[in-house]
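In our numbering, the protein residues as written are 600 to 1274.
Dropping the structure here:
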């Protein structure tokens, strides 16, 4: 799993329209639509005041329920109850403020009206997707992995003016496998501690058709420092899937004190969230170069690197062996001891993490996290609580994996693995909140190689003594929030079962476990042989695909392994069916058996071809024979996934017909706005 701190080109392209907008204090700039009617700011403020009270009550109820049932707390986005007239009116007002009306978005308002009526009538099936378990993550708690995830990043920003507090925020919604229509907004207010007075500071919104990850343009805020006010930011998101009839409508909130980081003679970070792990120590030869955690298997030699790996730690010597069972935890690579591209993977002593539960579950998604949240907090302030949100956003397929690891044995949703905090030894005005542990995202919702975005938000609440107008000491509540954004992470999961026979250049068949870096494997029927540049090894606990052809030949591969067909080209093994025709060493053959079978043993894979060999070979030549079947190597797997995810079809071909009219009017508005 690899993470790059560079921005995605898609993100820059998406935000280009926003560059023409100036977001000023007290006014927002809608990216997609110009409001048909101006929604009164007092109405928006009254709506959010009411919603803030509902959200506080909901949050207390969810926390109490989780505590009583010893279950994860669940997501921080509150499902909106559209049977409630006040909430229904609130949603419509927010849409109107963004420029959506029944005239320019008829299907959107038809869907909302139907949800409103069905929920009031108690019609079965009127629930939103947040009330149900998604098939993508079958067997998981719907509170952990709903169809859509709704996030609200917020960070303070250094200011050259100590009298002004600056912030950046945005609203984000992402849905597994996308939606026909998605909407998200973000609105910022200045409010008092009791949430009775709301003053609108700015707003942004974003909508998309046949999209998967939607994020508003950044809302930049500059607010006068005030000990009597808080920054209150809220967001509404919605998504609809016509094929399943499912809906998502949610609301979420975050807050921060209106305290400036202060004008310093030299830059002094006063509210920072820094990571020592995860990071990227190896793999700089790769162009995309993400941070990679190899959970069950990975490259132990060669250039397809693993920055982190599952393995077993010897309790006597402390040595960590990657991809050796029984798995006990995750170790980080020692980049100095590991010589890429030809060296053996070596772990770095001290960089080892075991699950808080004490048991490593191969069906779970883990991420090693170590770092500090540093916060300037005067000595007359006490810390009341610390909290965080940790989420992996699936950039290509859409959706969110969210979780965390709390102290003890319970996996708690939305929590960094905090350690006891303390004042900085050299600067008593700085409080350091360290975290160090293995974040457990629960059941693996990835399933295959793809880019993800790690979004971590840490919040500290404190009480500070202040000198009042009458020269007496009082107290005030303070909230400091910091969001850290890191991109991107990937997984590699395609492998061949132990014992599978592959063919060397001289025609000799050998088991996959006997292949070494430097060996040459036969790549096609024309005698082309390619050098093994990487050997991947690991375990597999999920069922594998067992293929049997009409001649009785069999092979077992993981569901995402690339297989070469006679008619459809290269496809994933999990997509094959009886009757498909595969290519083998002796010609084409028809499949008579395709089944999922339990498997709990080692699996292997290889990357083939030196740069010199690949420069002369056909583009489709990165293949090998496995039990006689022509299959792709690990690089073919990565290419196949990227091709599947870069679907260039027009939006209308993906979009359910019910939304075509809305989309066409949306396009017309965009063209009109560009004139």
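For glycine and all other residues, C-beta sits at the position ideal for the given N, C-alpha and C.
Leaving out the 5 sequence neighbours to the left and right, which residues in its chain are closer than 6 Å to residue i when beta-carbon positions are compared?
i            : result
residue 748  : 773 and 999
residue 648  : 797
residue 629  : Below a pLDDT of 50, predicted positions are generally treated as unreliable, and residue 629, at 36, falls in that range; the measurement from the model is reported next regardless. Excluding positions up to five away in sequence, the list reads 697, 698 and 804.
residue 1171 : 1159
residue 907  : 892, 929, 931 and 967
residue 654  : 677 and 852
residue 703  : 1264
residue 1115 : none
residue 687  : 681 and 715
residue 670  : Per-residue confidence for residue 670 stands at a pLDDT of 47, beneath the threshold of 50, marking its modelled position as unreliable; the derived number appears in the next sentence. Correct list: empty, nothing qualifies.
residue 972  : 872, 1032 and 1057
residue 969  : 875, 876 and 1035
Going by Cα to Cα distance, which pick from the options is closest to residue i?
i            : options                   : result
residue 1102 : 1255, 1196, 1037 and 1222 : 1222
residue 1130 : 1118, 1141 and 927        : 1118
residue 1110 : 934, 1098, 707 and 694    : 1098
residue 683  : 702, 663 and 721          : 721
residue 904  : 931, 824 and 1095         : 931
residue 843  : 776, 758 and 1236         : 776
residue 824  : 850, 806 and 858          : 858
residue 1057 : 1074, 759, 871 and 1035   : 871
residue 1275 : 1036, 1079 and 996        : A question about residue 1275 goes unanswered here, because the residues of the chain that appear run from 600 up to 1274.
residue 1204 : 810, 1095 and 1235        : 1095
residue 750  : 1139, 1039, 1219 and 992  : 992
residue 1161 : 1034, 856, 1220 and 1105  : 1220
residue 1140 : 1200, 1076 and 1025       : 1200
residue 1186 : 1193, 1125 and 1236       : 1125
residue 912  : 947, 880, 878 and 802     : 947
residue 822  : 760, 880, 879 and 989     : 760
residue 869  : 755, 970 and 894          : 755
Per DSSP, what are the beta-bridge partners of residue i in this structure?
i            : result
residue 563  : Residue 563 cannot be examined here, being either before or after the span of the chain that is shown, 600 to 1274.
residue 893  : 908
residue 825  : 857
residue 1224 : 1229
residue 1044 : In DSSP, residue 1044 forms no bridge with anything.
residue 1052 : 992 and 1086
residue 952  : 929
residue 876  : 969
residue 749  : 772
residue 1032 : 972
residue 767  : 754 and 819
Leaving out five residues on either side along the sequence, give the residues of the same chain with a beta carbon under 8 Å from the beta carbon of residue i.
i            : result
residue 1262 : 808, 1250, 1251 and 1254
residue 831  : 647, 651, 787, 788, 789, 790, 794, 797, 852 and 854
residue 1074 : 1062, 1063, 1064 and 1065
residue 1169 : 1161, 1162, 1163, 1219, 1231, 1235 and 1239
Measure the Cβ-Cβ separation of residue i and residue j and say whether it is below 8 Å.
i            : j            : result
residue 1190 : residue 1127 : no
residue 1224 : residue 1184 : yes
residue 876  : residue 967  : yes
residue 813  : residue 771  : yes
residue 925  : residue 944  : no
residue 1087 : residue 994  : yes
residue 1157 : residue 1202 : yes
residue 1163 : residue 1175 : no
residue 1135 : residue 898  : yes
residue 848  : residue 681  : yes
residue 1138 : residue 896  : yes
residue 1132 : residue 1231 : no
residue 1035 : residue 1016 : yes
residue 705  : residue 1211 : no
residue 708  : residue 778  : no
residue 1206 : residue 1233 : yes
Could you check if residue i belongs to the surroundings of the ligand GTP, using beta carbon to heavy atom distance under 7 Å?
i           : result
residue 648 : With respect to the ligand GTP, the structure shown offers nothing to examine, as it has no ligands at all.
Note down, in chain order, each residue of its chain lying with its Cβ closer than 7 Å to the Cβ of residue i, except the 5 sequence neighbours on either side.
i            : result
residue 1142 : 1195, 1196, 1197 and 1198
residue 936  : 945
residue 1270 : none
residue 657  : 677
residue 997  : 773, 774, 775, 776, 777, 811 and 812
Margin query: Taking 8 Å as the cut-off, does the region 635-654 touch the region 787-800 (at least 3 CB pairs, one atom from each stretch)?
Written below: yes
Next item on the list: Decide yes or no for the touch test of the region 975-987 against the region 762-773: beta carbon pairs closer than 8 Å, at least 3 of them.
Entry: no
Item checked: Cβ contact (3+ pairs, closer than 8 Å) linking the region 783-792 and the region 823-838 -> yes
Checklist line | Inter-stretch contact at 8 Å, needing at least 3 Cβ pairs: the region 965-985 / the region 1023-1032 | finding: yes
Item checked: contact_flag[the region 945-962, the region 1018-1025] where n(CB pairs < 8 Å) is 3 or more -> no
Check: Does the region 1224-1236 come close enough to the region 1139-1158 to have 3 or more Cβ pairs within less than 8 Å?
Finding: yes
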